[in-house]
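Written below as structure tokens is the structure these notes are about.
2 protein chains.
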Amino acid sequence: MKRPTIADIARRAGVSKGAVSYALNGQPGVSEATRKRIIAIAQEIGFNANSAARALSGARARAVGLTLCRPARILGIEPWFMGLISGFEAELGAQSYALTLQVVATPEQEVEVYRRWWGERRIDGVIVTDIRENDVRIPVLQELQLPAVVIGGPGDTGSIAQIWSDDAGAITEAVRYLVALGHDRIARVSGVPDLLHTQVRTKAFDDICASLGLHNTITVPADYTGEEGSRATRRLLIGGDRPSAIIYDNDVMAVAGLAVAQEMGLSVPGDLSIVAWDDSPLCSLVHPPLTALSRDISAYGAQAARELLNAIDGKRVGNVEAGRVHLTPRGSTAPPR
Amino acid sequence: MKRPTIADIARRAGVSKGAVSYALNGQPGVSEATRKRIIAIAQEIGFNANSAARALSGARARAVGLTLCRPARILGIEPWFMGLISGFEAELGAQSYALTLQVVATPEQEVEVYRRWWGERRIDGVIVTDIRENDVRIPVLQELQLPAVVIGGPGDTGSIAQIWSDDAGAITEAVRYLVALGHDRIARVSGVPDLLHTQVRTKAFDDICASLGLHNTITVPADYTGEEGSRATRRLLIGGDRPSAIIYDNDVMAVAGLAVAQEMGLSVPGDLSIVAWDDSPLCSLVHPPLTALSRDISAYGAQAARELLNAIDGKRVGNVEAGRVHLTPRGSTAPPR
DNA sequence: CTACATCACTGAACCGGGTAAGTGGGTGGA
DNA sequence: TCCACCCACTTACCCGGTTCAGTGATGTAG
Chain A
830 MKRPTIADIA RRAGVSKGAV SYALNGQPGV SEATRKRIIA IAQEIGFNAN SAARALSGAR
890 ARAVGLTLCR PARILGIEPW FMGLISGFEA ELGAQSYALT LQVVATPEQE VEVYRRWWGE
950 RRIDGVIVTD IRENDVRIPV LQELQLPAVV IGGPGDTGSI AQIWSDDAGA ITEAVRYLVA
1010 LGHDRIARVS GVPDLLHTQV RTKAFDDICA SLGLHNTITV PADYTGEEGS RATRRLLIGG
1070 DRPSAIIYDN DVMAVAGLAV AQEMGLSVPG DLSIVAWDDS PLCSLVHPPL TALSRDISAY
1130 GAQAARELLN AIDGKRVGNV EAGRVHLTPR GSTAPPR
Chain B
830 MKRPTIADIA RRAGVSKGAV SYALNGQPGV SEATRKRIIA IAQEIGFNAN SAARALSGAR
890 ARAVGLTLCR PARILGIEPW FMGLISGFEA ELGAQSYALT LQVVATPEQE VEVYRRWWGE
950 RRIDGVIVTD IRENDVRIPV LQELQLPAVV IGGPGDTGSI AQIWSDDAGA ITEAVRYLVA
1010 LGHDRIARVS GVPDLLHTQV RTKAFDDICA SLGLHNTITV PADYTGEEGS RATRRLLIGG
1070 DRPSAIIYDN DVMAVAGLAV AQEMGLSVPG DLSIVAWDDS PLCSLVHPPL TALSRDISAY
1130 GAQAARELLN AIDGKRVGNV EAGRVHLTPR GSTAPPR
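Laid out in structure tokens, this is it:
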């Protein structure tokens, strides 16, 4: 009925609770026979060490934190975060770390949550996403000496580890592919411009377009929602010199863009080619299925979790590039008519 | 540098740590002047009570758990879970409860996670989703006396609180609407048949169809993924007596179904009407936008969190019906040609 | 003027693990 | 034979809050 403690085990085994602690943690100080007996008793009565007591005596909380700072309607529909979370879990679960989640509205609130969590010793480290230029969270993490890994970049995060994928290389590949198909009026609908990875992508897009001698290129900023994706697409398509291909910074906006094109009577890919960034089941769900820049988001998350656990263990962690992004051609891209 | 404790505050205020505890928790036993002084010091040095110490001395862990038992690729794309999580957060955050998440593969693993979390005193209660008939988790929750609320139903959950929405009423409304438009060959692509709410919906669908005298009705089971949605739709559309309308148990399958229809050269809604269950931005993103059964998922989650907090406080919680489901007509439904 | 209640606090025990220091018995080497 | 040393434990204290049983000072009623 009452949840068992090591004292219960000690009593049943006829030893002190110190011995039980040594036995259960694989420490030296007990004989193999006693250890086995103690472990058997623990199993039998379904013992689980009280995490609070453990955390209190200097050990770890065995939990890491993640804050999500996007409106719920984007969090829900974008596969990105859930993919990431699944990846974390795979790694954290194996080490029996728990994941603590908080949805917030602003980066300032994220800072507050970090302070609170760390002050309460609720977590041993945090995973930081959606990093911005001069992100307010970085100095706080350093001040608190709170172990962390940043997903995204590369950018300036001081001593904090970073996991990033080669966004610049990916967008370069996408543009080259479209150019090879014969496109020369390529537009891009980007994510939130404040985010560091948006900036990296925009710069790489401008660079490759310039170096290939493309002039009618444009990046329209949006916010990852379908509504903004539609609006941006409409703006691009009603203009005089309408693009023959659009690259979107997420799958949701790409799907919205496809719907706008269809609504306007344009054929995809005949009149307009579409490339989505971050492939997801959504991309192969629609008709025509969308050509996309794919990466293994779960693996990305797993790697981030691994690095965070290293950082928590005091190991120095530097910048790590996660698995490659590659282009998955599908029905939404073709030579322009 | 070192995170401050109540002992630090006590020293600075020149009182005992007992007094500090009383002051910070609004307990009687200190004068207003002293209380204010202590609170000011706590603020100044950025004090946060160590959650482990608090949990250890009999109090709450101030955290609730949620396990998700679906493949990552569904979790990611379906807005449902993230909407629910946002709803939880709104309520939990206000009471400064944390949400601990675990993604698992089977209901048996969920049981294990519950046992471990509860044994470790990591959580004060759990939110249970995707309830099945004779769900293995129910007896365990009762055995452990772990506070819980079940989302979904209504079904037999013994003494455990339930939050449910009127799925039967909703599907009845959808069928009546389609019949009013002139449809008489209505099909349904359902979610995983083991889940309780799928069974509730299937029974309600069969009942209303029978009572309206519809005979060419069929429910094809699927698993919420786009692939299965496509497959089920294809099966329905190539048959001899093809349906003029299909109701899908989630948005993802509905979008997949739309793509299949388009791919087969059928016009939506001309040749086929489509109704999605659980409205989401995804439904208004595609072309034509999908008629859907809408409910406020976040509010649903918030209510569940509220009930769970009540259950944790030892208040008796019964079955609660969450906000209504209503039909949102959009471009994907029309009278059959 | 005493008896008693109330207030504002203090001191110490307690929660359940982790762990440094201590203890007694057995073994080995000189 | 004696000492040193190791093994297998036990003892006791620590972590940082909460809480209960005092305690001295003050107020109040009889």
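Here the protein sequences line up with chains A and B, keeping their order. Residues 830 to 1166, numbered by the numbering used here, are exactly what the first sequence covers, in order. Residues 830 to 1166, numbered by the numbering used here, are exactly what the second sequence covers, in order. Backbone N, C-alpha and C define an ideal beta-carbon position, used for all residues, glycine too.
Item to check | Residues bridged to A:Q991 (per DSSP) | outcome: Taking the first sequence and counting its residues from 1, the one referred to as residue 991 of chain A is at position 162. DSSP lists A:V979 and A:N1148 as partners of A:Q991.
Item to check | Element boundaries [beta strand (DSSP E), containing B:S1123] | outcome: Residue 1123 of chain B sits at position 294 when you count from the first residue of the second sequence. Start and end: T1120 to S1123.
Item to check | Outcome for B:S1040 when other beta-carbon atoms lying within 10 angstroms are tallied against a minimum of 16 | outcome: Indexing the second sequence from 1 puts residue 1040 of chain B at position 211. It counts as exposed.
Checklist entry - Considering only the beta carbon of each residue, do A:N889 and A:D953 sit closer than 7 angstroms? => result Indexing the first sequence from 1 puts residue 889 of chain A at position 60. Indexing the first sequence from 1 puts residue 953 of chain A at position 124. Just to set this straight, residue 889 of chain A is Arg in the shown sequence, not Asn. Contact: yes.
Checklist entry - Given a threshold of 16 other Cβ atoms within 10 Å of its Cβ, counted over all protein chains shown, does B:H1044 qualify as buried or as exposed? => result As a first step, residue 1044 of chain B must be located in the second sequence, where it is residue number 215. Burial call: exposed.
Checklist entry - CB-CB under 8 angstroms to B:T1031, same chain, minus the five flanking residues each way: which ones, in chain order? => result Here residue 1031 of chain B is taken as the residue at index 202 of the second sequence, counted from 1. R1017, S1019, P1022 and T1048.
Item to check | Test: A:E972 CB closer than 7 angstroms to a CB of chain B | outcome: Mapped onto the first sequence, residue 972 of chain A falls at position 143. Cβ-Cβ to chain B under 7 angstroms: no for A:E972.
Next on the checklist: As a quick exercise: from B:R950, B:V940, B:A1088 and B:V844, pick the residue whose alpha carbon is nearest that of B:I967.
Outcome noted: As a first step, residue 967 of chain B must be located in the second sequence, where it is residue number 138. It is B:V940 whose Cα lies nearest to the Cα of B:I967.
Checklist entry - A:C1170 to A:S860, Cα distance in whole Å? => result Residue coverage of chain A in this structure runs from 830 to 1166, which leaves residue 1170 of chain A outside it and unanswerable.
Item to check | Proximal residues, the region 948-981 of chain A versus chain B, C-beta separation under 7 angstroms | outcome: G948, E949, R950 and R951
Checklist entry - Mind checking if A:R902 is an interface residue toward chain B, Cβ cutoff 7 angstroms exclusive? => result In the first sequence, counting from the first residue as 1, residue 902 of chain A sits at position 73. By this cut-off, A:R902 is an interface position.
Checklist entry - A:V940 lies in the alpha helix (DSSP H); which residues open and close that run? => result The sequence position of residue 940 of chain A within the first sequence is 111, counting from 1. Run containing A:V940: P936 to G948, per the alpha helix (DSSP H) assignment.
Checklist entry - What is the DSSP secondary structure of B:V844, reduced to helix, strand or coil? => result The sequence position of residue 844 of chain B within the second sequence is 15, counting from 1. In the structure shown, B:V844 sits in coil (DSSP, three-state: anything other than H, G, I, E or B).
Checklist entry - Which whole-angstrom value describes the C-beta separation of B:S994 and B:V893, a residue pair presumed to lie in contact below a C-beta threshold of 8 angstroms? => result Walking along the second sequence from the start, residue 994 of chain B turns up at place 165. Walking along the second sequence from the start, residue 893 of chain B turns up at place 64. The pair is not a contact, with the Cβ atoms about 21 angstroms apart (cut-off 8 angstroms).
Item to check | contact_flag[the region 916-932 of chain A, the region 978-989 of chain A] where n(CB pairs < 8 angstroms) is 3 or more | outcome: no
Item to check | Interface residues of chain A facing B:I906 [CB-CB closer than 7 angstroms] | outcome: Position 77 of the second sequence, counting from 1, holds the residue named residue 906 of chain B. In chain order: P908, S1109, P1110 and L1111.
Checklist entry - Which same chain residues, not among the five before or five after A:R1166, have their C-beta less than 7 angstroms away from its C-beta? => result As a position in the first sequence, residue 1166 of chain A is number 337, starting the count at 1. For A:R1166, where only same-chain residues beyond five positions count, the Cβ hits under 7 angstroms are G1099 and D1100.
Next on the checklist: Runs of 3 residues minimum, wholly inside the region 1033-1097 of chain B: which ones carry the beta strand (DSSP E) assignment?
Outcome noted: 1047-1050 and 1074-1077
Checklist entry - When the Cα atoms are used, what is the spatial distance from A:T1162 to B:G1086? => result Residue 1162 of chain A sits at position 333 when you count from the first residue of the first sequence. Residue 1086 of chain B sits at position 257 when you count from the first residue of the second sequence. Going by the C-alpha atoms only, they are around 22 angstroms apart.
Checklist entry - Starting from B:A890 and walking both ways along the alpha helix (DSSP H), at which residues does that stretch end? => result Along the second sequence, one-based indexing puts residue 890 of chain B at 61. Note, B:A890: premise wrong, no alpha helix (DSSP H); not H, not E.
Next on the checklist: Would B:I1103 and B:L913 be called neighbours here (beta carbons separated by less than 7 angstroms)?
Outcome noted: Here residue 1103 of chain B is taken as the residue at index 274 of the second sequence, counted from 1. Here residue 913 of chain B is taken as the residue at index 84 of the second sequence, counted from 1. Not in contact: B:I1103 and B:L913 (Cβ atoms no closer than 7 angstroms).
Next on the checklist: Quick test of your reading: A:L853 and A:I867, contact by CB under 8 angstroms. State the CB separation rounded to the nearest angstrom.
Outcome noted: Mapped onto the first sequence, residue 853 of chain A falls at position 24. Mapped onto the first sequence, residue 867 of chain A falls at position 38. Right, the Cβ-Cβ distance comes to about 7 angstroms (below 8 angstroms), so this counts as a contact.
Checklist entry - Taking C-beta to C-beta, are B:A977 and B:V957 nearer than 7 angstroms? => result Residue mapping note: residue 977 of chain B aligns to position 148 of the second sequence, counting from 1. Residue mapping note: residue 957 of chain B aligns to position 128 of the second sequence, counting from 1. Yes, the pair counts as a contact, with Cβ atoms nearer than the cut-off.
Item to check | A:S860 - DSSP class collapsed to helix/strand/coil | outcome: Mapped onto the first sequence, residue 860 of chain A falls at position 31. In the structure shown, A:S860 sits in coil (DSSP, three-state: anything other than H, G, I, E or B).
Next on the checklist: Taking the alpha-carbon of A:L1066 as reference, which of A:E1092, A:V932, A:C898 and A:G987 has the nearest alpha-carbon?
Outcome noted: By one-based count along the first sequence, residue 1066 of chain A stands at place 237. Looking at the Cα atoms, A:E1092 is the closest of the given residues.
Item to check | Residues of the region 1052-1079 of chain B whose Cβ lies closer than 9 angstroms to any Cβ of chain A, in chain order | outcome: T1054, G1055, E1056, G1058 and S1059
Checklist entry - Is there contact between the region 1069-1081 of chain B and the region 900-908 of chain B, where contact requires at least three CB pairs shorter than 8 angstroms? => result yes
Next on the checklist: So the candidates are A:I989, A:W947, A:E937 and A:E972; which of them puts its Cα closest to the Cα of A:V965?
Outcome noted: Within the first sequence, numbered from 1, the residue matching residue 965 of chain A stands at position 136. The residue with the shortest Cα to Cα distance from A:V965 is A:E937.
Next on the checklist: DSSP has A:V1029 in a bridge; who is on the other side?
Outcome noted: One-based indexing of the first sequence puts residue 1029 of chain A at position 200. Answer is none; A:V1029 lacks a bridge partner.
Item to check | Listed by chain order, chain A residues near B:T929 by CB distance under 9 angstroms | outcome: As a working note, residue 929 of chain B is residue 100 in the second sequence. Here the neighbours are A892, A927, L928, T929 and L930.
Checklist entry - Of the choices B:A1061, B:A1074 and B:S988, whose alpha-carbon is the least far from that of B:T1046? => result Indexing the second sequence from 1 puts residue 1046 of chain B at position 217. Minimum Cα distance to B:T1046 is reached at B:A1074.
Checklist entry - With 16 as the cutoff for other CB atoms within 10 Å, does A:A1009 come out buried or exposed? => result Taking the first sequence and counting its residues from 1, one reaches residue 1009 of chain A at position 180. Exposed, by the Cβ-count rule.
Item to check | Rounded straight-line distance, which links the Cα of B:T1157 to that of B:A836 | outcome: Working through the second sequence from its first residue, we reach residue 836 of chain B at position 7. Working through the second sequence from its first residue, we reach residue 1157 of chain B at position 328. Rounded to whole angstroms, B:A836 to B:T1157 spans 58 angstroms at the Cα level.
Checklist entry - So is A:Q931 buried or exposed if we call it buried at 16+ other beta carbons inside 10 Å? => result Numbered from 1 along the first sequence, position 102 holds the residue referred to as residue 931 of chain A. Looking at its Cβ environment, which holds 16 or more other Cβ atoms inside 10 Å, A:Q931 is buried.
Next on the checklist: For A:Q1028, would you say it is in contact with chain B, using Cβ-to-Cβ distances shorter than 7 angstroms as the test?
Outcome noted: The residue given as residue 1028 of chain A occupies position 199 in the first sequence. Chain B contact via Cβ: absent.
Item to check | Buried versus exposed, by CB contacts within 10 Å (16 or more), A:P1118 | outcome: Position 289 of the first sequence, counted from the start, is the residue given in the question as residue 1118 of chain A. It is buried - the Cβ of A:P1118 has at least 16 other Cβ atoms within 10 Å.
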